[in-house]
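S.K.:
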Amino acid sequence: MGWAGATCLERARTPNLDELARQGALGLMDPIRPGVRPGSDTSHLAIFGYDPFQVYTGRGAFEALGIGMEVRGGDVCFRANFATVEERDGELVVLDRRAGRLAEGKELEAAINTIDLSDLGVEFSFRASTEHRGALVLRGEGLSAAVSDTDPHKLGVPIAQARAL
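Be aware that the sequence shown starts at 283, since it is given in this note's numbering, and climbs by one per residue.
Structure follows, in structure tokens:
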């Protein structure tokens, strides 16, 4: 019996999935709008009835809440990635955007939480989550999440300078 151009997945026996398809309702949806490639964060907002264009503030609050951090109204939350960098000509150049999916997150968390911003009236709390990820919650008067990303999204290029937007 030939495969007639079928892939392994097309040839696989999937009785449980077949039964789900037979008894369920299947479909596709564009959670935001056709042509917009959604992330899991913006998709969930849209599926739950929110307009991501009006209420989305970034992945920070999702990450912080997901790992049990306290988030209050007015807090500024950032999702953070540990990365491996190398100093070249006074700049930090990205070698690995996920730091090899390191296991030392809790050690880095402890070091990061020694940062004291109390003289600026800002509470600072960082928590490592999974592998290379973490969340930062800032609490204080007059804070804004309108800050640029520092991840260049490419290897071998310098980390971007954070700037107010």
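Backbone N, C-alpha and C fix where the C-beta goes; we use that ideal spot for every residue, glycine too. Given the structure is predicted, the values throughout are model-derived calculations rather than measurements.
1) Between Leu451 and Asn395, what straight-line distance do the alpha-carbon atoms span, to the nearest angstrom?
2) Taking the alpha-carbon of Val419 as reference, which of Gly340, Ala442, Thr324 has the nearest alpha-carbon?
3) Using only the alpha-carbon positions, how far apart do Ser411 and Val404 sit?
4) When we look at the beta-carbon of His435 and count the other beta-carbons within 10 Å, is it buried (16 or more) or exposed?
5) Rounded to whole angstroms, what is the Cα-Cα separation between Arg295 and Glu301?
6) Residues in the same chain with beta-carbon distance under 6 Å from Ser325, minus the five sequence neighbours each way, listed in chain order, please.
7) Can you give the Cα-Cα distance for Val429 and Phe360, rounded to whole angstroms?
8) Please check the pair Leu384 and Glu413, which I expect to be a contact at CB under 8 Å, by giving their CB distance rounded to whole angstroms.
9) To the nearest angstrom, how far is it from the Cα of Asn363 to the Cα of Arg379?
10) Going by DSSP in three states, Pro334 sits in which element: helix, strand or coil?
11) With a floor of 4 residues, list each alpha helix (DSSP H) that falls wholly inside the region 336-384, ordered by position along the chain.
12) What would DSSP say about Arg409, mapped onto helix, strand or coil?
13) Could you tell me whether the Cβ atoms of Val439 and Val375 are closer together than 8 Å?
14) Can you tell me the Cα-Cα spacing of Asp401 and Ala446, whole angstroms?
15) Please name the residue, chosen from Ile329, Asp433, Ala427, that lies closest to Val448 on a Cα-to-Cα basis.
16) What are the boundary residues of the beta strand (DSSP E) that includes Ala417?
17) Residues in the same chain with beta-carbon distance under 8 Å from Ala381, minus the five sequence neighbours each way, listed in chain order, please.
M.R.: Inspection of the coordinates gives the following:
1) There is no way to answer for residue 451, as the model of the chain reaches only from 283 to 447.
2) Within the sequence shown, the letter at position 137 stands for residue 419. For Val419, the nearest C-alpha among the options comes from Gly340.
3) One-based indexing of the sequence shown puts residue 411 at position 129. One-based indexing of the sequence shown puts residue 404 at position 122. Each residue's Cα considered, the two are about 22 Å apart.
4) Here residue 435 refers to the residue found at position 153 when the sequence shown is read from its first residue. The residue in question, His435, is exposed, as its Cβ has fewer than 16 Cβ neighbours within 10 Å.
5) Looking up residue 295 in the sequence shown gives position 13. Looking up residue 301 in the sequence shown gives position 19. In this structure, the CA atom of Arg295 is about 12 Å from the CA atom of Glu301.
6) For the purposes of this step, residue 325 is taken as residue 43 along the sequence shown, with counting starting at 1. The answer, listed in chain order, is Pro313.
7) The sequence position of residue 429 within the sequence shown is 147, counting from 1. The sequence position of residue 360 within the sequence shown is 78, counting from 1. Their Cα atoms are separated by approximately 10 Å.
8) Taking the sequence shown and counting its residues from 1, one reaches residue 384 at position 102. Taking the sequence shown and counting its residues from 1, one reaches residue 413 at position 131. With 8 Å as the limit, Leu384 and Glu413 qualify as a contact, their Cβ atoms being about 7 Å apart.
9) Stepping through the sequence shown from its first residue, residue 363 is reached at position 81. Stepping through the sequence shown from its first residue, residue 379 is reached at position 97. Each residue's Cα considered, the two are about 7 Å apart.
10) On the sequence shown, position 52 is the one that residue 334 refers to. Note: Pro334 maps to helix in three-state DSSP.
11) 342-348
12) For the purposes of this step, residue 409 is identified with residue 127 of the sequence shown, where counting begins at 1. Residue state, collapsed to three classes: strand.
13) Along the sequence shown, one-based indexing puts residue 439 at 157. Along the sequence shown, one-based indexing puts residue 375 at 93. Contact flag set, yes.
14) Taking the sequence shown and counting its residues from 1, one reaches residue 401 at position 119. Taking the sequence shown and counting its residues from 1, one reaches residue 446 at position 164. Computed Cα separation, rounded: 20 Å.
15) Outside the displayed range of the chain (283 to 447) lies residue 448, so it cannot be described from this structure.
16) Along the sequence shown, one-based indexing puts residue 417 at 135. Unbroken beta strand (DSSP E) run through Ala417: 415-421.
17) Translated into the one-based positions of the sequence shown, residue 381 becomes position 99. Hits under 8 Å: Asn363, Phe364, Ala365, Thr366, His414.
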